[in-house]
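Protein sequence lines correspond, in order, to chains Y, Z and D.
When you line the first sequence up against UniProt numbering, it's residues 1 to 410, in that order.
When you line the second sequence up against UniProt numbering, it's residues 1 to 410, in that order.
When you line the third sequence up against UniProt numbering, it's residues 1 to 410, in that order.
By construction, the Cβ of each residue, glycine as well, lies at the ideal position given by its N, Cα and C atoms.
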Amino acid sequence: MPAYSTNMRLKFPILALTLEIITIILFAVFVDYDDGKHGGHGAHNTTHHEEKKDPLTLYPMFQDVHVMIFIGFGFLMTFLKRYGFSSVGLNLLLAAFALQWGLIMQGLWHLDDGKIKVSIFKMINADFSTATVLISFGAVLGKTSPVQLLIMTILEITIFSINEHLVAEILEANDVGASMIIHAFGAYFGLAVARMLYRPALRNSHENDGSVYHSDLFAMIGTVFLWMFWPSFNSAIAESGTDQLMAVTNTYFSLAACVLSAYAVSSLVEHKGKLDMVHIQNATLAGGVAVGTCADMDIGPFGAMIIGFVAGIVSTLGFKFLTPILASNLGIQDTCGVHNLHGMPGILGGIAGIVAVALGKKNGSAAIDCLIMKLPFWGQPPDQNCFDDSIYWEEEGEESLAHGDQKAEA
Amino acid sequence: MPAYSTNMRLKFPILALTLEIITIILFAVFVDYDDGKHGGHGAHNTTHHEEKKDPLTLYPMFQDVHVMIFIGFGFLMTFLKRYGFSSVGLNLLLAAFALQWGLIMQGLWHLDDGKIKVSIFKMINADFSTATVLISFGAVLGKTSPVQLLIMTILEITIFSINEHLVAEILEANDVGASMIIHAFGAYFGLAVARMLYRPALRNSHENDGSVYHSDLFAMIGTVFLWMFWPSFNSAIAESGTDQLMAVTNTYFSLAACVLSAYAVSSLVEHKGKLDMVHIQNATLAGGVAVGTCADMDIGPFGAMIIGFVAGIVSTLGFKFLTPILASNLGIQDTCGVHNLHGMPGILGGIAGIVAVALGKKNGSAAIDCLIMKLPFWGQPPDQNCFDDSIYWEEEGEESLAHGDQKAEA
Amino acid sequence: MPAYSTNMRLKFPILALTLEIITIILFAVFVDYDDGKHGGHGAHNTTHHEEKKDPLTLYPMFQDVHVMIFIGFGFLMTFLKRYGFSSVGLNLLLAAFALQWGLIMQGLWHLDDGKIKVSIFKMINADFSTATVLISFGAVLGKTSPVQLLIMTILEITIFSINEHLVAEILEANDVGASMIIHAFGAYFGLAVARMLYRPALRNSHENDGSVYHSDLFAMIGTVFLWMFWPSFNSAIAESGTDQLMAVTNTYFSLAACVLSAYAVSSLVEHKGKLDMVHIQNATLAGGVAVGTCADMDIGPFGAMIIGFVAGIVSTLGFKFLTPILASNLGIQDTCGVHNLHGMPGILGGIAGIVAVALGKKNGSAAIDCLIMKLPFWGQPPDQNCFDDSIYWEEEGEESLAHGDQKAEA
């Protein structure tokens with residue numbers, strides 16, 4: 001099948017090495033250590049902690065966000081029975097590239113003596129741009145090649161940084177937890193890509209498009225780390241002091257309320273009132289997404305809880321009723337259901353104006369993006385190899401021999 | 001079987017939604033952000049860091065404790081071969097509700113202008129009350145329904161907050177790491193519930209009451225995170241400065257010594273000197289429990305090590321010899337052996353007077369609690385479905401189809 | 001087989017208990033809490049944070065390092081299909097003993113009023129000495145008994161502390177991230193032990209010397225936590241302020257660049273351009289090792305990236321081409337390939353003079369060490385039981401019954 005040349009032998013190494021070398025050159029030209037003199041993005045904040053505190057004040061929160069990016073997103077996607085290597089492994093690859101690319105793309109808007117001065121604050125923002133890529137990755141999980149994903153990363157980060165600049169600096173919209181500019185943006189960008197990559201043959205589901213007992217437990221590692229550290233995600237770049245405490249408190253209680261409504265609705269809609277692991281793994285986090293934008297506002301802990309409570313219901317219902325419709329009627333095969341975890345809760349969390357911007361961005365960007373990604377040359381997997389590590393990963397042990405290598409010959 | 005109406009379709013969703021709505025209303029009436037003015041519980045401490053530091057000074061330690069609650073307890077219980085979904089999933093559900101309920105119950109003793117001012121300090125204390133529920137959950141793991149567990153949570157948290165108030169404020173007993181008011185209390189409360197829920201049919205063990213290779217590895221994730229962050233658990237609410245460093249140091253070395261003695265005794269009592277994963281997963285943590293009460297006292301690092309050393313021996317011997325006796329003679333089926341990890345080490349760690357208080361509380365509370373929980377209406381699982389996720393969880397993949405859904409029809 | 005008396009019944013418990021009792025006595029005599037008055041090792045640093053900050057300033061970074069030691073190293077080694085219990089379990093045992101022994105051995109060089117004053121700073125250094133033991137453990141993984149490993153720990157920590165003293169204080173060589181004195185030292189010490197324990201019968205590999213699908217996912221938990229927290233490892237003991245930020249930044253970008261080159265080369269050398277989990281689990285971390293020594297130097301972020309980029313290539317090529325040669329030609333059976341992750345990158349990171357020291361130490365020490373370890377009395381496992389938990393661990397469930405206990409009878 002010329003359209004599915006899945007041999008990565010040359011195209012992947014060449015692309016990865018080229019991108020990294022270009023990135024290193026850009027760093028040599030533009031990036032320097034933060035000397036604590038200036039602020040750049042978030043001056044108030046940076047200046048603030050540069051003067052009063054040591055430059056590593058934000059480091060613990062940065063590490064929490066980092067755990068969400070690499071363990072949280074990485075393991076949340078391991079729920080697929082045969083796609084765990086790619087979920088954690090490609091998550092690591094994309095995140096490692098995205099945080100470098102994100103630092104450059106975001107930094108170019110805030111040059112300081114012609115340099116991007118790296119601070120923990122800037123590293124947190126780079127992790128935020130990385131999050132959008134990983135959210136989109138969830139929508140196309142199992143159906144794309146590493147090459148396609150690296151290209152998606154370049155395009156999405158670039159568009160994200162422009163969008164973020166418009167929203168945050170030009171429109172001066174408040175979006176601390178970034179319900180819209182991170183979650184909704186990442187979700188709809190991913191859904192648009194999924195739509196362009198629509199595979200009619202996968203309409204009647206795929207044998208590997210499901211979980212086994214232990215893969216669901218691996219996914220819960222991701223869920224729980226995302227759940228625990230979300231308060232850091234929503235408060236890391238807030239004004240330190242009362243605002244930051246407010247952001248932590250609101251996110252914390254929004255998530256707690258979200259868990260109860262997600263569990264309740266999951267039991268309500270499943271046969272015999274059982275719980276569905278897909279809902280538990282995802283909908284319990286919707287509260288963190290939805291409260292993001294107003295995390296540092298004085299909405300009161302109960303206000304945050306109402307947002308989380310509603311988010312948990314909307315998200316669970318989305319998984320149960322909306323996802324099948326999107327797949328069958330609109331041809332959007334959203335592997336991880338990012339529309340239910342990041343899309344709708346993101347909109348719920350954002351304000352109408354920002355919704356418009358994000359939705360606009362998505363349509364605008366996606367066309368170009370996916371047109372490029374459709375080129376067969378990049379070796380996306382044939383349908384029967386979707387959701388299967390063996391096409392891009394070496395495997396050991398009988399289980400994988402049985403499961404994997406024959407397939408790979410296909 | 002009318003006594004085992006395990007269909008959660010209506011009773012669980014209604015209970016969960018009702019509880020969350022009530023909680024939100026209580027938050028609307030009583031809870032507000034901490035403005036840093038007053039202290040409430042642990043005034044010295046709060047005032048101290050309110051004036052000198054930013055309100056998030058305790059945040060890193062809070063997150064460590066949080067990881068213990070959600071990852072530590074959650075995964076420690078995944079050792080059962082067919083009960084991993086419930087272990088991590090119900091742990092998340094109970095903890096999410098307990099920390100809200102705990103904040104209210106504890107806060108009502110320390111109203112400040114008629115409000116509970118939420119601070120990181122108060123959130124850590126809410127996590128402590130949550131720990132007692134999760135410890136009790138371990139004792140009845142696999143034999144209760146989500147509905148029963150939510151009711152147990154309400155009762156246990158309420159009683160805990162009264163007990164804590166008596167011990168800490170009336171008796172003014174020092175129990176920083178809370179060997180007694182958290183660990184022993186949680187353990188004996190759970191054992192009492194287990195006794196009330198005694199199932200003669202499970203006397204000759206149950207096919208699912210055991211582990212498989214990978215379920216034991218998942219449990220080790222919980223063990224190691226509990227072990228690493230225990231110093232934060234025992235020092236988070238200690239006076240910052242030397243006291244806090246002392247609490248960290250004592251807990252750290254008590255745990256280290258405990259590992260050596262637990263491994264040694266495990267090898268000593270097992271056939272051919274092999275190690276038993278149950279001992280390694282649990283007894284290695286007894287040092288953290290036992291050193292809790294005197295963590296911030298000047299007992300010297302070697303004093304802490306002696307406590308941990310003894311705790312490791314006592315705990316391992318408990319698993320080997322005491323647990324079977326409790327089950328066969330007293331009808332106490334302690335699924336996780338919380339008596340060996342939290343009960344005896346908790347007593348070892350506490351002082352006689354506090355022991356009396358905790359034991360008194362346990363007896364008093366448990367009767368009412370379990371009388372209520374015994375009502376068949378709440379759909380606890382029939383014996384043959386104990387330790388099986390499939391009765392309350394949707395499952396995917398052949399493994400679970402084979403294993404699960406027939407059972408569910410039972 | 002007298003040479004393989006693998007029954008640990010008496011020899012292990014007696015050794016473990018004796019070592020712990022001796023350690024407790026040493027603590028009673030030498031160890032006291034840090035009163036913040038003096039500095040000892042790293043005086044500048046300690047004094048600095050003792051005077052200006054509270055004694056727990058380094059605590060968050062200490063916990064990051066701690067997670068690397070217990071979760072990172074522990075789970076990274078669970079890739080073997082039948083050796084997960086030992087990987088995580090013995091990692092916990094050795095680390096728990098090593099950090100106590102390391103604190104004494106390192107502290108004796110810096111007595112303060114005849115006491116070792118325990119501070120977070122000293123606890124971090126104890127974790128560093130622990131790291132060397134765990135690296136060596138990786139080289140002999142699956143082929144040694146707990147008794148042999150405890151003896152290796154005593155010897156290696158003792159030699160490490162002397163070596164560290166020489167390098168850091170006499171030669172006054174800068175080795176913040178300790179590419180050489182930790183990574184290269186640990187690697188070559190382990191390789192020397194592996195050489196002494198050479199098993200001709202394992203030349204044609206062993207049925208258990210490989211992974212299965214889920215064991216590779218458990219290993220990724222270790223990889224990702226090591227990757228995320230490596231910046232803490234390389235910056236924890238750096239001068240706080242700009243130096244520390246520099247160490248974080250350099251390590252962060254070195255690791256990011258390393259990921260792309262490791263993935264690229266893995267795909268380049270594997271058949272059909274697939275990725276090899278062994279490379280992903282290990283080579284992606286080489287950037288952290290290699291940048292260690294100059295982490296706090298002003299090499300520029302791009303300089304750090306070049307180091308990481310090269311390290312990723314060298315490490316991956318080492319796994320593919322060098323490891324087989326070491327095994328077949330030199331009789332060095334390096335189970336985890338520590339030579340590729342810690343050895344070569346460590347040298348790459350170190351300077352020539354320090355290389356000489358480390359290599360010298362290795363040869364010198366190893367001879368005595370392994371001569372002792374070769375004594376049959378300590379019950380190393382017979383060849384057919386290598387890489388098999390069942391020889392030292394009790395197991396449950398059919399899988400293990402089938403797999404394990406017959407073996408154990410052998």
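Quick check on residue i: does DSSP put it in helix, strand or coil?
i	result
Leu-275/Z	strand
Gly-122/D	The sequence given here has Lys at residue 122/D, not Gly. Reduced to three states, the DSSP call for Lys-122/D is helix.
Val-291/Y	coil
Val-212/Z	coil
Asp-383/Y	helix
Asp-112/Z	strand
Lys-11/D	helix
Asp-127/Z	helix
Lys-117/D	strand
Tyr-188/Y	helix
Tyr-59/Y	helix
residue 411/Y	Examination of residue 411/Y is not possible in this model, given that chain Y is present from 1 through 410 alone.
Asp-389/Z	helix
Asp-243/Y	helix
Met-33/Y	The identity of residue 33/Y in the sequence shown is Tyr, whereas the question assumes Met. In this structure, Tyr-33/Y counts as strand in the three-state DSSP scheme.
Thr-223/Z	helix
Glu-156/D	helix
Met-297/D	coil
Thr-23/D	helix
Tyr-83/D	coil
Glu-169/Y	helix
Ile-71/D	helix
By how many angstroms is the C-alpha of residue j removed from the C-alpha of residue i?
i	j	result
Asp-383/Y	Thr-335/Y	14 Å
Trp-101/Y	Ser-87/Y	21 Å
Thr-144/Z	Ala-194/D	50 Å
Thr-158/Y	Leu-134/Y	15 Å
Ile-124/Y	Leu-245/D	14 Å
residue 411/Y	Ser-211/Y	There is simply no residue 411/Y to check, as chain Y begins at 1 and stops at 410 in what is shown.
Phe-12/Z	Ile-22/Z	15 Å
Leu-155/D	Asp-113/D	27 Å
Tyr-213/Y	His-206/Y	18 Å
Ser-235/Y	Val-248/Y	6 Å
Glu-164/Z	Leu-268/Z	39 Å
Tell me which residues share the same chain as residue i and place their Cβ nearer than 8 Å to its Cβ, disregarding the 5 neighbours each side in the sequence.
i	result
Leu-260/Y	Phe-309, Gly-312
Phe-70/Y	Asn-91, Leu-92, Ala-95
Glu-169/Y	Trp-109
Leu-84/Y	Per the sequence shown, the amino acid found at residue 84/Y is Gly instead of Leu. Only Thr-78, Ser-215, Phe-218, Asp-389 meet the Cβ criterion.
Leu-26/D	Ile-104
Between which residues of its own chain and residue i is the CB-CB distance below 7 Å, once the five residues before and five after are set aside?
i	result
Ala-98/Y	Ser-129, Thr-130, Val-133, Thr-153, Ile-157
Tyr-59/Y	Ile-120
Please work out which residues of its chain come closer than 6 Å, Cβ to Cβ, to residue i, disregarding the five sequence neighbours upstream and downstream, and give them in chain order.
i	result
Phe-160/Z	Ser-129, Thr-132
Gln-281/Y	Ala-219, Thr-223
Val-338/Y	Ile-135, Gly-138, Ala-139, Ala-187, Gly-190
- Query: Does the segment 262 to 278 of chain D come close enough to the segment 289 to 303 of chain D that 3 or more CB-CB pairs lie under 8 Å?
  - Reply: Contact between the segment 289 to 303 of chain D and the segment 262 to 278 of chain D is absent, because fewer than three Cβ pairs lie under 8 Å.
- Query: Between the segment 319 to 337 of chain D and the segment 190 to 204 of chain D, are three or more C-beta pairs nearer than 8 Å?
  - Reply: In short, these stretches touch, since the Cβ pair count reaches three.
- Message: Using 8 Å as the cut-off, can you tell me whether the segment 215 to 229 of chain D makes contact with the segment 222 to 232 of chain Z, which would need three or more C-beta pairs spanning the two stretches below that distance?
- Response: Flag = no, the segment 215 to 229 of chain D and the segment 222 to 232 of chain Z do not touch.
- Item | Every unbroken alpha helix (DSSP H) inside the segment 308 to 338 of chain Y [4 residues or more] | Annotation: the segment 308 to 338 of chain Y contains the following complete segments of the alpha helix (DSSP H) (minimum length 4 residues), in chain order: 323 to 329.
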